[in-house]
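Take 1207 as the starting number for the sequence shown in the numbering used here and just add one per residue. What follows is a short report on a single structure.
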Amino acid sequence: MTNQTLTKTTKGYVYAALAAILFGSSGLFVKLAYDMGLDSITLLTLQNLMAVPILWTISFIKYRGSILVGKKMLLRLFIMGFCLNSMVTLFYYKAFVYLDISIATILLFTYPILITLYALLFSKERPNGIIIFSLLTVFLGCIFVLDIFNLQSDISKIGILFGMGSALFYAAFNIVIEAIGEKLPSIVIASYSTSFALLFFLIYRFPAALLQRSIHPSQLGIAALLVCLCQIPPVILLYTSIQYIGAIRTSIVSNIEIPAAAVFGYWVYRETLNLTQLFGMLLVLGGILLMKNSKAVLSYLFIHRIRTKGER
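See below:
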């Protein structure tokens, strides 16, 4: 391995970790925006209004030749942005109204389980024992995180529905991205997706209603922070990390977002998890990691079994 390759590998892990931490801080800024009097729709509209020109500027400078797409691709991008990206962010932001930052983030991160269930239902591939075990582990972890067995728990059921809804739409979002594949640069995809999401929010709440509302500079500032810290930089870092160390390793490091969100929630709002919820968080993390590495685990067990038989 050359020094250059080693440097790229190290950068890949650092970029993935930074992206996860920045993504994990989004709940903090969303809650601060709510404290300033913004609602989720207004916040998302302002955020996307700021993000769209920045993303398209980057796309035009770096990938000018890839901006124009055919009708079929445009339809996929429309579905991804207008129908899915908008719903992911709306449900996710709504979840922060009712839930602690860490719990909302954990619920969103159940999306790999939903993708796996989709694959099992609509493909001929049979689930292996590792997949089934990881599904059960994450499900059990969610039960502990939501503190269902605690009769004195005050976790909002509406918040849980919003959190699980964000995971459902995010799973569908990732399935559409996989269908697009590597036909377009990631930043161009993000530009289209964010633009169509903005269109959804402008239709949902007519622009005149936004103009009639008195927006304080501090509210604009919090929306700008979301764009400049939690939206565009982590996306660029994430895509760069994938180029350096691959999608699988990047996705594994990205799980840092869950404990990062918990730290931010405790740091500002003194949100805490009890021991049962902490154990549940570890189960969710472990189940997701196990699922993402199921093939490697199966290969290891197969080799170990052969070696054991050989020694006998």
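Cβ atoms here follow ideal geometry from the backbone N, Cα and C, with glycine treated the same way. This one's a predicted model, so the numbers in the text were calculated from it and none came from an experiment.
Element boundaries [alpha helix (DSSP H), containing residue i]
{"i": "Ser1232", "result": "Ser1232 to Asp1241"}
{"i": "Glu1463", "result": "Glu1463 to Tyr1475"}
{"i": "Leu1484", "result": "Leu1481 to Lys1498"}
{"i": "Met1279", "result": "Lys1277 to Phe1284"}
{"i": "Ser1392", "result": "Ser1392 to Tyr1410"}
{"i": "Ser1447", "result": "Ile1438 to Ile1451"}
{"i": "Tyr1317", "result": "Tyr1317 to Phe1328"}
{"i": "Thr1343", "result": "Gly1335 to Val1351"}
{"i": "Phe1266", "result": "Ser1246 to Lys1268"}
{"i": "Thr1295", "result": "Ser1292 to Tyr1304"}
{"i": "Ser1308", "result": "Ile1307 to Leu1314"}
Nearest residue (CA-CA) to residue i, options the options
{"i": "Ser1401", "options": "Ile1361, Ala1257 and Tyr1376", "result": "Ala1257"}
{"i": "Gly1369", "options": "Ala1325, Asp1306 and Phe1297", "result": "Phe1297"}
{"i": "Lys1498", "options": "Val1459, Pro1465 and Trp1473", "result": "Val1459"}
{"i": "Leu1255", "options": "Leu1479, Glu1384, Leu1405 and Leu1495", "result": "Leu1405"}
{"i": "Arg1270", "options": "Ala1222, Ile1393, Leu1283 and Leu1228", "result": "Ile1393"}
{"i": "Met1279", "options": "Val1490, Lys1389 and Val1303", "result": "Lys1389"}
{"i": "Leu1374", "options": "Leu1323, Pro1259 and Val1433", "result": "Leu1323"}
{"i": "Glu1384", "options": "Ile1438, Ile1337, Ile1321 and Gly1365", "result": "Ile1321"}
{"i": "Leu1495", "options": "Leu1341, Ile1409, Leu1443 and Leu1484", "result": "Leu1341"}
{"i": "Gln1253", "options": "Gln1483, Asp1353, Tyr1299 and Ile1307", "result": "Tyr1299"}
{"i": "Gly1493", "options": "Thr1263, Gly1347 and Gly1427", "result": "Gly1347"}
{"i": "Gln1425", "options": "Ala1226, Leu1244 and Ala1222", "result": "Leu1244"}
{"i": "Ile1395", "options": "Met1293, Asn1356, Arg1411 and Met1286", "result": "Met1286"}
{"i": "Thr1482", "options": "Lys1217, Ile1309, Ser1272 and Ser1292", "result": "Ile1309"}
Status (buried if at least 16 other CB within 10 Å, exposed otherwise) for residue i
{"i": "Ser1232", "result": "buried"}
{"i": "Ile1448", "result": "buried"}
{"i": "Tyr1398", "result": "buried"}
{"i": "Ala1378", "result": "buried"}
{"i": "Pro1450", "result": "It should be noted that the sequence gives Tyr, not Pro, for residue 1450. By the neighbour-count rule (16 or more Cβ atoms within 10 Å), Tyr1450 is buried."}
{"i": "Lys1302", "result": "In the sequence under discussion, the amino acid at residue 1302 is Phe, which differs from the Lys named in the question. So Phe1302 ends up on the buried side."}
{"i": "Ser1359", "result": "exposed"}
{"i": "Ala1239", "result": "buried"}
{"i": "Asp1241", "result": "exposed"}
{"i": "Lys1363", "result": "exposed"}
{"i": "Lys1277", "result": "exposed"}
{"i": "Lys1268", "result": "exposed"}
{"i": "Ala1467", "result": "buried"}
{"i": "Lys1501", "result": "exposed"}
For residue j and residue i, believed in contact at Cβ under 8 Å, the rounded distance
{"i": "Ile1464", "j": "Met1487", "result": "6 Å"}
{"i": "Arg1282", "j": "Val1382", "result": "6 Å"}
{"i": "Pro1439", "j": "Leu1228", "result": "6 Å"}
{"i": "Thr1446", "j": "Tyr1304", "result": "The pair is not a contact, with the Cβ atoms about 34 Å apart (cut-off 8 Å)."}
{"i": "Tyr1376", "j": "Val1294", "result": "5 Å"}
{"i": "Thr1150", "j": "Phe1407", "result": "Since the first residue shown for the chain is 1207 and the last is 1518, residue 1150 is missing from the structure and cannot be characterised."}
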